[in-house]
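Comments concern the structure below.
Structural data, given as structure tokens:
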């Protein structure tokens, strides 16, 4: 990548990648907990309800990965346009995936 | 007139969601015209999006756990059981993605949008994703609400067959 090419800020890139991963994780966890009831029951026990546990897991994952990705300067390793495309694709696939899962489940 | 706590929380939840979605649209439009003069305004509105979506999530989450089971029972016995099986299940999980995007928006808006094309592109994409998912969630809320309504409007003979 050229040093002169416009780049995302370190936090913007790190937390942007974290948001993409969290979106995919959110859909994967929603499907898994429905298909595997012991996980659902475990999540019910952690924060009183599986949805609350999932919300907490998502936020913690987003913050944790965001801090890690920012610390390792992901902006130097990934082209900004690729990161933006990955985030958009992750959210769209996750959203459509959720709808499709509940249509079929 | 009798307005219950459940009514207040539910309507406040929907209001916060709509205001959060409109604020994300505001960020989108301001970013299309990003200049040094509106940089601080974009950052402030992006922060407001995060706060409104967090409030919508907190209120909606509380209502869902505390009051929704009664409505769920009604929906599942009514003619639109998919209002629960499909729409609320999708809505409650899709919202978590909207919430994460809303938390991310103020971080993305910290870059100099007026002089950095990729930072501008990121904020435009994220704010538009918040608008699209926000509108989908509002639409799902309307379907769920109608699912309760059609369950209650069934003839009494259908609800309590002899």
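Protein chains in written order, with our numbering: chain A, 152 to 256; chain B, 803 to 964.
By construction, the Cβ of each residue, glycine as well, lies at the ideal position given by its N, Cα and C atoms.
In this structure, residue 163(A) lies away from residue 848(B), with their beta-carbon atoms at least 8 Å apart. Judged by beta-carbon spacing, residue 905(B) lies beyond the 8 Å limit of residue 953(B), meaning their Cβ atoms are not closer than that value. Residue 158(A) and residue 920(B) have their C-alpha atoms some 6 Å from each other. For residue 889(B), no alpha helix (DSSP H) encloses it, and the DSSP letter there is neither H nor E. Around residue 213(A), the beta-carbon contacts reaching into chain B at under 8 Å are 902, 905 and 906.
Secondary structure note for residue 825(B): its alpha helix (DSSP H) is the uninterrupted segment 807 to 834.
At a cut-off of 8 Å between C-beta atoms, residue 896(B) counts as an interface residue with respect to chain A. Taking CB atoms only, residue 947(B) has no neighbour in chain A less than 8 Å away. With a threshold of 16 other beta carbon atoms within 10 Å, residue 913(B) meets it and is buried. Interface annotation, residue 206(A): in contact with chain B, CB-CB separation under 8 Å. Counting along the chain, residue 882(B) sits inside no alpha helix (DSSP H), nor does DSSP assign it H or E at all. Residue range 201 to 222 is occupied by the alpha helix (DSSP H) that includes residue 210(A).
Per the coordinates, the alpha-carbon of residue 224(A) lies some 12 Å from the alpha-carbon of residue 216(A). DSSP, read as helix, strand or coil, puts residue 160(A) in coil. By the CB criterion at 8 Å, residue 239(A) and residue 931(B) fall inside the cutoff.
The Cβ atoms of residue 245(A) and residue 899(B) lie closer than 8 Å to each other. Residue 876(B) is positioned such that its CB atom lies closer than 8 Å to that of residue 950(B). By the CB criterion at 8 Å, residue 241(A) and residue 179(A) fall outside the cutoff. With a beta-carbon spacing of about 16 Å, residue 825(B) and residue 861(B) fall beyond the 8 Å limit used to define contacts.
Within the stretch 920 to 942 of chain B, the residues whose Cβ lies closer than 7 Å to some Cβ of chain A are 920, 921, 923, 924, 927, 931 and 935, listed in chain order. The residues 897 and 901, in chain order, have a CB closer than 7 Å to that of residue 859(B) in the same chain once the five nearest residues on each side in sequence are set aside. The beta carbon of residue 169(A) lies closer than 7 Å to those of 213, 216, 217 and 220 in the same chain, with the five residues before and after it left out.
Considering only 233(A), 194(A) and 256(A), the residue with the shortest C-alpha distance to residue 923(B) is 233(A). Scanning 843(B), 945(B) and 866(B) for the CA closest to the CA of residue 888(B) turns up 945(B).
Taking a beta-carbon distance threshold of 8 Å, residue 891(B) counts as an interface residue toward chain A.
The residue among 947(B), 891(B), 917(B) and 808(B) with its C-alpha nearest the C-alpha of residue 255(A) is 891(B). Using a CB distance below 8 Å, the part of the stretch 188 to 201 of chain A facing chain B consists of 199 and 200, ordered along the chain. Contacts with chain A at 8 Å (Cβ-Cβ) do not include residue 878(B).
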